[in-house]
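One structure is given below, encoded as structure tokens.
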Amino acid sequence: MISGFILRALEGKIVVAIAVLIAIAILVPVLNLLTPPDSALHIPTYAMSLFGKYLCYALLALALDLVWGYCGILSLGHGAFFALGGYAMGMYLMRQIGPRGTYGNPVLPDFMVFLNYKELPWFWFGMDWFVVAMAMVLLVPGLLAFVFGWFAFRSRVNGVYLSIITQAMTYALMLAFFRNDMGFGGNNGLTDFKDILGFQVQADGTRAVLFALSALVLALCLLTASAIVRSKFGKVLVGVRDAESRVRFLGFRVENMKLFTFVVSAMFAGIAGALFVPQVGIINPGEFAPANSIEIVVWTAVGGRGTLIGPIIGAVLVNAGKSFFTGAFPEFWLFALGGLFIFVTLFLPRGIVGTIQHGFKARKALKAAADAEKGRGDAQTVAQAVQAAE
Amino acid sequence: MIFRTFVQAFFACFILSFSVPAFAQSGADPKPLIDGLAKADFAEAETLIGQIAATGDVRVVPALDAFAEGDLYFRKSDSAVFIGKTGDAGLDLTDPLTGVSAGTVPKSAVTKIKINNNLRRVISSATGGLTLLSPDRSVRLAAADAVLASPGAENLGLVEAALAKETDPEVKLRMTEARAVSVLSSDRSIDEKRDAIRTIKTIGGNNALSILSAVSGSIDPSLKGDLDAALAALQSEQKLWDMAQNVWYGLSLGSVLLLAAIGLAITFGVMGIINMAHGEMVMLGAYSTFMVQEVIRNHAPGLFDWSLTIALPVAFLVTGAVGLVIERAVIRFLYGRPLETLLATWGVSLILQQTIRSIFGPTNQEVGNPSWMSGSFPVGGMTITWNRMWIIVFSLVIFFALLVVMKKSAYGLNMRAVTQNRRMASSMGIRTPWVDALTFALGSGIAGIAGVALSQIDNVSPNLGQSYIIDSFMVVVFGGVGNLWGTLVGALSLGVLNKFLEPSVGAVLGKILVLVLIILFIQKRPRGLFALKGRAVEA
Chain H
11 MISGFILRAL EGKIVVAIAV LIAIAILVPV LNLLTPPDSA LHIPTYAMSL FGKYLCYALL
71 ALALDLVWGY CGILSLGHGA FFALGGYAMG MYLMRQIGPR GTYGNPVLPD FMVFLNYKEL
131 PWFWFGMDWF VVAMAMVLLV PGLLAFVFGW FAFRSRVNGV YLSIITQAMT YALMLAFFRN
191 DMGFGGNNGL TDFKDILGFQ VQADGTRAVL FALSALVLAL CLLTASAIVR SKFGKVLVGV
251 RDAESRVRFL GFRVENMKLF TFVVSAMFAG IAGALFVPQV GIINPGEFAP ANSIEIVVWT
311 AVGGRGTLIG PIIGAVLVNA GKSFFTGAFP EFWLFALGGL FIFVTLFLPR GIVGTIQHGF
371 KARKALKAAA DAEKGRGDAQ TVAQAVQAAE
Chain W
49 MIFRTFVQAF FACFILSFSV PAFAQSGADP KPLIDGLAKA DFAEAETLIG QIAATGDVRV
109 VPALDAFAEG DLYFRKSDSA VFIGKTGDAG LDLTDPLTGV SAGTVPKSAV TKIKINNNLR
169 RVISSATGGL TLLSPDRSVR LAAADAVLAS PGAENLGLVE AALAKETDPE VKLRMTEARA
229 VSVLSSDRSI DEKRDAIRTI KTIGGNNALS ILSAVSGSID PSLKGDLDAA LAALQSEQKL
289 WDMAQNVWYG LSLGSVLLLA AIGLAITFGV MGIINMAHGE MVMLGAYSTF MVQEVIRNHA
349 PGLFDWSLTI ALPVAFLVTG AVGLVIERAV IRFLYGRPLE TLLATWGVSL ILQQTIRSIF
409 GPTNQEVGNP SWMSGSFPVG GMTITWNRMW IIVFSLVIFF ALLVVMKKSA YGLNMRAVTQ
469 NRRMASSMGI RTPWVDALTF ALGSGIAGIA GVALSQIDNV SPNLGQSYII DSFMVVVFGG
529 VGNLWGTLVG ALSLGVLNKF LEPSVGAVLG KILVLVLIIL FIQKRPRGLF ALKGRAVEA
């Protein structure tokens, strides 16, 4: 049954995407570590780290696509789940510093010594164990999404209202994490990491492994997401997106379906955050900023919502653009991003991948129609093709 | 000038102890004393200043002031002392007491009387005490206030002397209070002190409270009961005033929220457009104010007090026009797709922000307060600043004006018709695209007007709008979409709630709590406080 679940997920494009991701996961670290620096094929470490960051963003966009593209929930709070996952990882990394901090305290991270903490706050306990920290990466965003979604979907808060209160959620969390007495390092956040599982965070080898992991985890999440949306559950989910009341009247528990998707998506975002932090080397409350969450939406929209692969492409493209612009024309980046928002919503509502897919389907429909005219096709296939194109 | 006198009086009260004997009111002629300054060294001069002040003659104040400024000279020929001002042909001399001109002499004919900082202090304390006897009413009032602000037994004789001569009822009252304050720290009789406590109690407010608690440690045990009773009464009164002050702060914050949200109540509440660029409209309004003030500063400085009045229509037109362009260029293609409107308007907001940043730079711009917007006035135990006061008034005026437009004008009728049933309204001959465009322009224009007001209390920077956008959405969602009254009630209650949470949990945590409360509230009433009923709900 499970195998059937996964097999269904392996539709053509997804297989290609996963294969590409696995290839990247192997090739890029190999080219980074095993080629000499002056070789044409060599990939410098900074470029690999940068690309690793994009892959984390891609996972984040995939998470958003799951709820927005397939369930119609435009969450403006996914940055919060991302940051929470990041903080969980950051806490683990902080505990690994041990007595090597500036103040040399074996238990307390530097900022706690600085702020006169006498002992670890309760929520830091156990975070020095990798397993516990990784569980928190999933549990904290998942739990927040569960509680938030349980209330919101039950009282049928939807559409723009949901967007606005998710935005309020991430905003409130940002204010909270900016406070010094929250125990998360205030506005400096968590940084100066040294080790992860005993390996130096800064070392080329560790970075290569983290990069490979990012790509592989992204592939795995893509597979999971694809399995979800291609299951029977996924079909109903699209129904919830397009006609929520109708699905409810058919007897489905819409709020539970939304809740499940929302929680899974939040966990994806948490994982993305956890992979992001060791590669970037810092997590601070700025990640909670509402603007960040909205930016995730534009990655998804550019790539094409409801396509799973689109958001991955969109996140990588937009962020590559951002890296280029902020380096070359820093003044111009916000114009470009703003213009992109407007352009995509007005002229490319399906996104890049969505538009291409649509184009293929339309061609198929035309071809079928032409065949039918020649008397070789039957009416049914034409109707099907036309329907698909719409 | 009054300020300077006040400062002097204030100093006087700290330093009076130096010159206590000086205020024994000798009534002697000050003229020979002043002339004595000519040959005095610093120590002698200090004594002389005390004696001069002791004459109680207010005519000596200009001479002492001149001395402090280094404008006192003596003539080499006869050692007579004069106030000298540098003129075109040397020094213009005037008599130190009468102010009568004594001709102009070359600088070589006179010698400046030396002054040091210690003497300056002695002078300022002496003139400060003398101001209690000044013929100028406002100077006396300031002097009495200064005694009130820093009580001490050494002022008592002086205050009583001044009180005996005083005729003006208001100054007299203030001096009575000042006397009571001084009595408490003196060695007067118990009964007199009891009266003093009663007098101080009538002053009320934090001042009386701090005066009484300051002496509570050293007071005679037999007065303890009276003092504690007075303190308790004052404290409970103060609590009420604190409450009132909190409500006032809350209303003030609420009016700011109302201003920021009211334009949104139209674009989001009435038209259903998620206008993420709303905050940038507020920001454009604030920058319009800045531009208007710049023009006024450079071309007509006299009109500065009118700058806000001029900026209002300018900001309304500028932001309204920008809104019109946005609606025609972007939003009209997105009706019925609210989530995509959100994205597109977010893009617009990024572009507007960056445009302003490129033109004006990322730093804060200086927007001045006209004179009628600055300063404050006391109401009982609380202080009300004029700018907050005007902003509350202004936000209410805007609110009711908008309400009238919506409910009474033909345009408002069209707008509501389009909101309720677009196709029917169109069938009736209403040009719905125009109504859409104008409504969006109106909402944007109102945001611009809000920007004029907010420029008075907030930093005018490209990020100005960002700080309001989430709050504005909260207000509209909390109050109920599509209902202006909901926006009013929502804004004011959120403001008051915020300010009441602030003292106990701090500003940031208070804000977080309010956000969490709103999120919970939305679960309970997804359509806000004042939900629309009927068909409009599903539209």
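Chains as they are written, first to last, in the working numbering: chain H, 11 to 400; chain W, 49 to 587. For each residue, glycine too, the CB sits at the ideal point set by N, CA and C. Keep in mind the model is a prediction, meaning the values are calculated, not measured.
By the three-class DSSP mapping on this structure, what secondary structure does residue i have?
i	result
ILE505/W	coil
LYS249/W	helix
ASP239/W	helix
ILE497/W	helix
ALA70/W	With a pLDDT of only 39 at ALA70/W, under the threshold of 50, the placement of this residue in the model should not be trusted; the figure read from the coordinates follows. DSSP places ALA70/W in helix when its eight states are reduced to three.
ILE322/W	coil
GLY22/H	helix
GLY135/W	strand
LEU200/H	strand
SER85/H	coil
ASP353/W	helix
VAL129/W	strand
LYS559/W	helix
MET430/W	strand
PHE135/H	coil
SER424/W	strand
ILE292/H	strand
ILE206/H	strand
CYS61/W	The pLDDT assigned to CYS61/W is 46, lower than 50, so where the model puts this residue is not dependable; a value taken from the coordinates is nonetheless given after this. CYS61/W: helix per DSSP, three-state reduction.
LEU532/W	helix
Going by other Cβ atoms of all chains shown within 10 Å of its Cβ, with 16 needed for buried, is residue i buried or exposed?
i	result
LYS559/W	buried
ALA383/H	Reading off the sequence shown, one finds Glu at residue 383/H, where the question assumed Ala. Classification for GLU383/H: exposed.
GLU240/W	exposed
MET476/W	exposed
ASN294/H	buried
GLY582/W	Any answer about GLY582/W is weak, because its pLDDT of 49 lies below 50 and its placement is not dependable; what the coordinates show is given next. Label assigned to GLY582/W: exposed.
SER300/W	buried
GLN177/H	buried
Along the alpha helix (DSSP H) that carries residue i, what are the first and last residues, could you check?
i	result
MET437/W	434 to 456
LEU226/H	214 to 240
PHE158/H	140 to 164
PRO110/W	108 to 117
PRO300/H	300 to 313
VAL415/W	From DSSP, VAL415/W is part of no alpha helix (DSSP H); its letter is neither H nor E.
LYS213/W	204 to 213
LYS272/W	272 to 312
So the beta strand (DSSP E) residue i belongs to, where does it begin and stop?
i	result
ARG123/W	120 to 123
THR142/W	138 to 142
GLY364/H	Element bounds for GLY364/H: not the beta strand (DSSP E) but the alpha helix (DSSP H), 361 to 383.
SER149/W	149 to 153
PRO182/W	Looking at the sequence provided, one finds Ser at residue 182/W rather than Pro. Counting along the chain, SER182/W falls outside any beta strand (DSSP E), and DSSP gives it neither H nor E.
VAL158/W	158 to 160
Against residue i, what residues of chain W qualify as contacts under a CB-to-CB distance less than 7 Å, listed in chain order?
i	result
TYR171/H	VAL525, ILE570, PRO574
LEU233/H	In chain order: nothing, as chain W lies at least about 28 Å away.
Strictly below 9 Å CB to CB, what residues from chain H border residue i?
i	result
THR406/W	The residue asked about is misnamed: residue 406/W is Ser in this sequence, not Thr. Simply GLU341, PHE345.
LEU312/W	Those within 9 Å of LEU312/W in chain H number zero; the least Cβ separation is about 11 Å.
Quick one: list the residues of chain H neighbouring residue i, beta-carbon separation under 7 Å, in chain order.
i	result
PHE381/W	LEU356
LEU391/W	VAL307, VAL308, ALA311, PHE351, THR355
VAL378/W	ILE352, LEU356
VAL304/W	Per Cβ cutoff of 7 Å: no residues; VAL304/W is ~18 Å from chain H at best.
Cβ closer than 9 Å: which chain W residues qualify as neighbours of residue i?
i	result
ALA186/H	VAL556, LEU557, ILE560
Please find out if some non-hydrogen atom of the ligand FMN comes closer than 7 Å to the beta-carbon of residue i.
i	result
SER333/H	The ligand FMN is absent from the structure shown, which contains no ligands of any kind.
Proximal residues, the stretch 143 to 167 of chain H versus chain W, C-beta separation under 7 Å: PHE161, ALA162, SER165, ARG166, VAL167
Positions along the stretch 292 to 308 of chain H whose CB lies within less than 7 Å of some CB in chain W: PRO300, ILE304, VAL307, VAL308
Residues of the stretch 357 to 373 of chain H with Cβ closer than 8 Å to any Cβ of chain W, in chain order: PRO359
Residues from the stretch 314 to 331 of chain H in contact with chain W, defined by Cβ distance under 8 Å: none
Chain H contacts from the stretch 512 to 545 of chain W (Cβ-Cβ distance under 7 Å): ILE518, PHE521, MET522, VAL525
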